[in-house]
Amino acid sequence: MLLEKLNGTVPCLLDTTTIPPEELSLKPSRSGADSGICEGPRTGGVRHSNGDPSSSSGGHPYNRTFSPHFHNFVELCLQRDPVNRPSAATLISHPFIKQLIENRRRNYRIRKANQIYNEKKTDGALRKTISLTRVL
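Under our numbering, think of the first position of the sequence shown as 1, with each following residue one higher.
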């Protein structure tokens, strides 16, 4: 990323929306370096959510698809001119951050529901055991 800043190019995320399909079919380099950004111009096209099947298919390390909100968030944060960069207050209301917060809340509710379910299941099994021992 430092090289991009020195060259004056705008970094971008490396995923299936920014790398041509023919490059994704090539074998990855042996260096193993994965900065997740590139200096090339953004290619047009539809971006998919992280749940897209193409984001989980194996092979190339950049054979993934980030959500449009994430692309936009990174683009805003990587503005070269600080005047054009949004403030933290603006970024906190960005749809990507809102999505993260909502996902976190949803995951918390799911974990809590599972915990309550497991406690009730354990409690029910314990009650059955106690009632059986009373009968014996």
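For every residue, glycine included, the Cβ atom is placed at its ideal position computed from N, Cα and C.
For Pro86, the CB contacts under 7 Å within the same chain, skipping 5 residues up- and downstream, are Leu76 in chain order. Ser67 is classed as buried because its beta carbon has at least 16 other beta carbons within 10 Å across all chains shown.
Arg104 and Thr65 have their C-alpha atoms spaced approximately 20 Å apart. Residue environment analysis places Thr122 among the exposed positions, since fewer than 16 neighbouring C-beta atoms fall within 10 angstroms of its C-beta.
DSSP places Asn63 in no alpha helix (DSSP H); its state is neither H nor E.
When the five nearest sequence neighbours on each side are left out, the beta carbons in the same chain lying within less than 8 Å of the beta carbon of Gln99 are those of Ser67 and His69, in order along the chain.
Cβ-Cβ distances below 7 Å link Ile97 to Leu91 in the same chain, with the five nearest sequence neighbours on each side left out; the list follows chain order.
The residues His69, in chain order, have a CB closer than 6 Å to that of Pro95 in the same chain once the five nearest residues on each side in sequence are set aside.
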